[in-house]
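Asks: One line per chain: the protein sequences are G and H, in this order.
FYI, in my numbering the residues of the first sequence are 378 to 681.
FYI, in my numbering the residues of the second sequence are 115 to 655.
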Amino acid sequence: MAAVAVKESRGDKIFVILNYIYLSIALLIVLYPVLYIISASISDPKYVNSGEMWLLPKGITFEGYVRVFENSKIWSGYGNTILYTTVGTLVNLFVTLPAAYSLSRSDFVGRGFFMGMFMVTMFFGGGLVPGYLLVKNLGMINSMWALILPGAASVWNIIVARTFFQSTIPKELQEAAHIDGCTNMRLFIKIVLPLSAPIIAVMALFYGVGHWNSYFSALIYLNEESKYPLQMILRQILVLQEMSAETTGAAINASVASALNNKADAASLLKYAVIIVSTLPVVAVYPFLQRYFVQGVMIGSVKG
Amino acid sequence: MQKGSNAVMGHKKIWAMLLSMTLLISLLSGCGGSSDKAAENGSTGSEASANLNMEGFPIVKEPITLTMMGQDVGMQNWQDMEFFKQMQEKTGIKFDFRNAPLDSFDTKRNLVFASGDYPDVFFSGQLKAADEVNYGGQGVLIPLEGLIDKYAPNLKKILDEHPDIRKSITTPDGHIYALPNIDLDAGWYRGPLWYNGKFLKALGIDKVPSTTEELYTYLKRVKDEDPNGNGKKDEIPFVSVKLDDVRMWLLGSWGIFNEQIYADREDKVHYTPMEPGYKQYLTFLNRLWNDGLLDKETFSQTDEQKKAKGKNNQVALFADYHAYFTLGGDPSQDDPMYAPVKSEVVGSPVAAKHPGLVRGVFAITNKNKHPEATMRWVDYLYSTEGADLISSGPEGVLWKYTNKADFTKEKLEVPGGKDREEYRATLTPDYGVVLPKVSNEDTKRGFEDDFARWLKKETSEKIDPISKVPFPSVYLSQDEQSEASAKLSDLDTYVKQMEAKFVTGQEPLSNWDKYIETCKKMGGERVAEIYQAAYDRWKQG
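1. Around the Cβ of H555 (chain G), are there at least 16 other Cβ atoms within 10 angstroms (buried) or fewer (exposed)?
2. How long is the line joining the alpha carbons of I644 (chain H) and I290 (chain H), rounded to whole angstroms?
3. Checking contacts by CB at 8 Å: is Y442 (chain G) closer than that to chain H?
4. Spell out whether any CB of chain G is found under 8 Å from the CB atom of Q202 (chain H).
5. Using a C-beta cutoff of 8 Å, does M562 (chain G) count as contacting chain H?
6. If you compare alpha carbons, which of H:A316, H:A600, H:R361 and H:D493 is closest to I296 (chain H)?
7. Return yes when the Cβ of L666 (chain G) is within less than 8 Å of the Cβ of A578 (chain G), no when it is not.
8. Could you check where the alpha helix (DSSP H) with V609 (chain H) kicks off and where it finishes?
9. Sort H:D449, H:V588, H:E555 and H:T632 by Cα distance to A300 (chain H) and report the nearest one.
10. 8 Å is my cut-off, CB to CB: does Q613 (chain G) come that close to chain H?
11. For the alpha helix (DSSP H) containing G253 (chain H), name the first residue and the last one.
12. Helix or strand or just coil, what does DSSP make of I139 (chain H)?
13. Among G:Y649, G:Y509 and G:L515, which one has its Cα closest to the Cα of L596 (chain G)?
14. With H, G and I counted as helix, E and B as strand and the rest as coil, what does DSSP make of A647 (chain H)?
15. To the nearest angstrom, report how far apart D359 (chain H) and G516 (chain G) are at their CA atoms.
16. Nearest to I726 (chain G) by alpha carbon, out of G:I402, G:I415, G:K640 and G:I451?
17. Measuring CB atoms only, is the region 511 to 527 of chain H touching the region 556 to 575 of chain H, in the sense that at least three cross pairs come out at less than 8 Å?
18. Would N191 (chain H) pass as an interface residue toward chain G - the criterion being a Cβ-Cβ separation below 8 Å?
19. If we cut at 8 Å on Cβ distances, does I576 (chain G) have a partner in chain H?
20. Tell me which residue opens and which closes the alpha helix (DSSP H) that V492 (chain H) is part of.
21. Looking at C-alpha atoms only, which residue of H:E536, H:V455 and H:F198 is the closest neighbour of L180 (chain H)?
22. Using only the alpha-carbon positions, how far apart do Y452 (chain H) and G531 (chain H) sit?
23. Kindly list the residues whose CB is nearer than 6 Å to the CB of Y435 (chain H), restricted to its own chain and excluding five residues on each side of it in sequence; keep chain order.
24. Return yes when the Cβ of L255 (chain H) is within less than 8 Å of the Cβ of A292 (chain H), no when it is not.
25. Roughly how many angstroms lie between the CA atoms of M609 (chain G) and L615 (chain G), to the nearest whole one?
26. In whole angstroms, what separates the C-alpha of A433 (chain H) from that of P450 (chain H)?
27. Using 8 Å as the Cβ pair cut-off and three pairs as the minimum, do the region 488 to 507 of chain H and the region 276 to 283 of chain H touch?
28. Which residues in chain G sit within 7 Å of A422 (chain H), going by Cβ to Cβ distance?
29. N310 (chain H) to N167 (chain H), Cα distance in whole Å?
30. As a quick exercise: from H:N400, H:N248 and H:P215, pick the residue whose alpha carbon is nearest that of S603 (chain G).
31. Beta-carbon within less than 7 Å of I350 (chain H)'s beta-carbon, same chain only, minus the 5 sequence neighbours each way: which residues are those?
32. Note down, in chain order, all residues in the region 549 to 564 of chain H with a beta-carbon under 9 Å from any beta-carbon belonging to chain G.
33. State yes or no: is the beta carbon of S581 (chain H) nearer than 8 Å to at least one beta carbon in chain G?
34. Does DSSP put M430 (chain G) in a helix, a strand or coil?
35. Using 8 Å as the cut-off, can you tell me whether the region 458 to 469 of chain H makes contact with the region 534 to 546 of chain H, which would need three or more C-beta pairs spanning the two stretches below that distance?
36. N534 (chain G): which of G:F439, G:L474 and G:S655 sits nearest, CA to CA?
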């Protein structure tokens, strides 16, 4: 870097400075909420609620975390979420990658028709009640498959993966393999997949984060609390806090009122700690997958 | 990402479309057949009732299992609760639970209704009046009045003694489709206003304000004289969250019982936002606002933020269920209850009284093969003994009878020294949700501590003499309901907006006539008419 050949002009310098200023502002904007949540999670809720805690923790307490780690529900939710995310993502990949690869092959008969049929489902849907009935009739109510199978294939993701295969797996590679006597199946498993690590990683991340964050299908299809994923538990904690005795508007008696009040107190303590605990794994995994977004593994795979 | 997850839904959608057609057809045919079904259900008892004991326990000779849907507050799985275990042992009726979390219960319930995949019993989760009328009419919910007469002696006794309750739960077609939570010893409609006792003391005031002028003077003194003694003028005399928590209590000063619809003592129904008294209420609040006596964050803050100010010892007058919820600390008798203050309006002040029932917390569907046994099961909760079981958990855990004859109870030590309420919440579902049961003086006997007695005294001195139920629980016909709902949803938005504008002075009160004109155009008067008609019907029984 020391040997810069061309001297930067005045305009360049201003550009660079402005660039840094702009990036710093952008950084602050994304960093502040993260810092706020971290600080809030170890602050006394009194200061958080009154707005006195706005950046650095105030009245430091780890009570929130203690409560999270004591709460068996959060752990069972954690276990469920990990299970659903792992199994769900595997199923997603198992369905999406072959579908995307077939659709990427120009010699696939009826490609346009199948693609068209896939596309239709992106724009027209049956709605909530028919969806529920379908799942019910398939006998999947209150089982983890209700969260996994109905969304096993995302057309959007299939298109993304198809485009990847189309643009990075050259036709020549396929021809060369065929000349060497390779079957299509073998071609896909032995050649295409190993060359497609980036798209597999991206798909895994897309699907994985989707599963990790989803709560709606759990809400609709699951009946037992022991099966709830983490996001449902989290949501329960957060929403119950809003339902203090005054805001429900319903006529209530003293014990209900104090119950709601206790719940609200506990929730304001737990809230931020739960957010941290539940997002940490995703944040932790991200850097490892993120490199695939920028890495060009295909460089040099075709010679000539 | 968002797009991705939308598309995830995609694959099933073609199937879903086909299914929706099937659904439509089955719905149509379902509607036609449902009334027969309901009629059938009333008489299918023969086989089931052979299994039924008409009196005593167990209720059924051979154990039965039913499905139940209720609101889960996330404290304990219902099948592990002592309440359900003991009830099962006692009655022979077991329940499989299909609960949904409290916050999304309505979504899920609508879904199971719409898909026909509903349980045998709805327990907790207030059915809307419209739902009762609607699903009752379709035969999804079965009529209960016959079952009550035959199988629910405890509930029948209450209904016979309180004809108003029976009137309030009977839908316009003459049937009862859902059972209420009954509180014969109910106090306030919602949390009252409280004075901060420390401020009163600091300012040397021993009698709470009794007129609007005195109230104004007091709040003014709070602002100017630094009653929290920290040398800063950081007191917020009157604090509220969007006025929702205080509106009803203040309106009483100008002779108005409730914030939307109320019947006056002459049985005339009023739509509050168009009343002259409402204008005076706005004028008063506008004055408080201009003089800095009403919290400037009133229209933006959350309940948490309000509580934070209370714990900071900054507020003089506020609403909450108990004063210590906002001010922090232990239950205290030092913070007196607000007595509605008198204005120049004749007959003021007034206050709203709790109607003593919450409707729609228990219903039996046409899938239930044992409606008689189910009715006997729920009837137990309308006896004092059953109410004690569901309210406080089984005897011998958190409490025991000291005199079974008059149901005097005493509290026991909480096992493991845990929080009493949280421990109770693991024993019974009666925590944060409204359940079918009765509360009366017997169910509370022995549990009242000094604080509860003091509360009762404050209420009976300050609120009871001037209070009445603002509007009984009535049913509207489906047409009335849809007209009233449509009008009210527009009106509510407009009225709330204008309330904030009038109070903050963005809209001068000289524009009151224009506001009334708009309300009229939006159907404010018609709403009062609709409710007047329903009220008259209710009145006649």
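Just so you know, even glycine gets a beta-carbon here, dropped at the ideal spot from N, CA and C.
The structure displayed is predicted, hence computed values, not measured ones.
Replies: According to the structure shown:
1. exposed
2. 22 Å
3. no
4. no
5. no
6. H:D493
7. yes
8. Q592 to T618
9. H:E555
10. yes
11. From DSSP, G253 (chain H) is part of no alpha helix (DSSP H); its letter is neither H nor E.
12. Only weak support exists for where I139 (chain H) lies, its pLDDT of 47 falling under 50; the coordinates are left without a value.
13. G:Y509
14. helix
15. 46 Å
16. This structure leaves residue 726 (chain G) out entirely; chain G is present only between 378 and 681.
17. yes
18. yes
19. no
20. P485 to D493
21. H:F198
22. 35 Å
23. G305
24. yes
25. 10 Å
26. 12 Å
27. no
28. K423, N426 and S427
29. 56 Å
30. H:P215
31. D409, K423, Q428 and V429
32. S553
33. no
34. coil
35. no
36. G:L474
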